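Data block below; observations after.
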Amino acid sequence: MIRLLFALAISGIATLVGTRFLILFLRKRSIGQPIRLDGPQGHASKAGTPTMGGVAIVGGALAGYVISDLYNGIFTRTGLIVMFTILAAAAVGFVDDWLKVSRERNLGLNKTAKILGLLTVAITYAVLMLQFTDVRTELSFTRYNSLNFDLGPWGWGLWVVLLILASSNAVNLTDGLDSLAAGASVFVFAAFVVIGFWAFRHEHIYGVPHALDLAIIAAVMAGAIAGFMWWNAAPARIFMGDTGSLALGTGMATMALATNTHLLLPIIAGLFVMETLSVIIQVFSFRVFGKRVFRMAPVHHHFELWGWPETTVIIRLWIVAGLVTAVALGLFYADFVSVGGAE
């Protein structure tokens with residue numbers, strides 16, 4: 067527990083300080099975020115705000131992970147693979163962000179290039195986990211044997227690709243208001259701190275290799291995001307960019323895969339699912355029926371155009387994020403009780 071708190075504190079402080087210096091660095095070089103022309107009019111004032119804040123998030127998380135392990139821990143293969151995958155996804159996002167700011171347009175990597183980049187990240191994660199860890203290949207809800215349906219190595223690898231692509235894009239879509247995606251992500255990674263630590267304490271039930279190290283990664287991610295939010299809170303002084311959103315989404319997926327909570331992830335990260343579904347519904351409705359369901363998608367823009375102030379939208383959606391995460395943890399514990407773990 068002390069190591070968890072230490073990792074959380076180190077990552078939070080490192081990101082808090084690092085983000086401040088990153089803002090100064092980016093402002094000095096006039097590196098700012100281009101704003102989409104078809105977005106809400108109130109967002110025009112945000113043009114030029116420093117972006118690529120995800121660099122500080124992943125940097126702070128890495129610092130917290132490394133320092134806490136050196137202080138009182140041991141680097142595990144599962145932990146190193148998860149951290150590597152998060153950094154690799156951040157690299158894909160960084161290229162996308164850099165192209166946007168260098169071209170001074172809200173157009174970075176095209177869809178094909180971004181998907182190929184994330185596909186490479188996902189396949190690499192799957193291969194490394196299958197080759198160098200004792201990861202279970204069963205489709206799971208709260209534990210590896212909760213459904214008793216083995217995907218096999220190839221099926222599990224395909225599932226990895228789908229989950230990482232879906233999760234990273236879901237966070238990317240949600241990242242449209244100051245600290246909306248960041249705040250919701252704190253709930254998700256906090257849940258994985260609990261899940262990882264619980265799996266560590268009850269290894270005979272969950273059989274998760276290196277569960278404590280996974281809890282540490284979740285803690286440093288939560289701490290890093292919290293440190294970043296000090297500067298990202300409305301009105302934001304820096305945006306996380308795709309560097310941050312792809313790293314956070316990939317981190318959520320890899321944590322779910324490593325802790326055998328694949329199908330619990332859509333509930334833990336329910337807000338991101340809701341945001342993604344709003345886009346799917348909007349596109350489907352417009353292409354099939356020629357009508358829009360929402361005034362604008364993702365749904366947070368719908369609420370803005372409906373007349374809610376930006377901070378109201380953010381806080382109310384944070385409430386939704388917190389509630390669905392609480393429900394997910396309740397289901398996780400209920401399953402624990404059902405298998406006699408509370409006896």
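Residue numbers (the numbering used here): 67 to 409. Using N, Cα and C, we set each Cβ at its ideal position, and we do this for glycine too. Source: prediction; values computed, not measured.
{"Query": "Bridge partner(s) assigned by DSSP for L205", "Result": "F215"}
{"Query": "Chain-order list of residues whose beta-carbon lies under 7 Å from that of A299 (same chain, five-residue window excluded)", "Result": "D244 and S245"}
{"Query": "Separation of G159 from R95, as counted between CA atoms", "Result": "20 Å"}
{"Query": "C-beta contact flag for L330 and F207 at 7 Å", "Result": "yes"}
{"Query": "Whole-angstrom C-beta distance between T391 and F50, which should lie under 8 Å", "Result": "Limits of the chain in this structure are 67 at one end and 409 at the other, which puts residue 50 out of reach."}
{"Query": "Candidates M340, W297, F350 and A248: closest to G317 by CA position", "Result": "A248"}
{"Query": "Segment limits, alpha helix (DSSP H) that includes W374", "Result": "It is not in any alpha helix (DSSP H) - W374 carries neither H nor E in the DSSP assignment."}
{"Query": "V350 to A363 span [Cα, whole Å]", "Result": "Note that residue 350 is Phe in the sequence shown here, rather than Val. Computed Cα separation, rounded: 12 Å."}
{"Query": "Cβ pair count under 8 Å reaching 3, the region 129-140 against the region 291-308", "Result": "no"}
{"Query": "Proximity of G289 and G130 at Cβ, strictly below 7 Å", "Result": "yes"}
{"Query": "T115 - DSSP class collapsed to helix/strand/coil", "Result": "coil"}
{"Query": "Beta carbon proximity, L224 to chain D, threshold 7 Å", "Result": "Looking for chain D here will not work: only one protein chain is present."}
{"Query": "7 Å Cβ shell around T8 - same chain, five flanking residues per side excluded", "Result": "Any property of residue 8 remains undetermined from this structure, which presents the chain solely from 67 to 409."}
{"Query": "Burial state of H270 (16 or more Cβ within 10 Å)", "Result": "exposed"}
{"Query": "Pairwise C-alpha distance: A313 and I147", "Result": "14 Å"}
{"Query": "Straight-line gap, V379 to F360 (C-alpha atoms, nearest Å)", "Result": "15 Å"}
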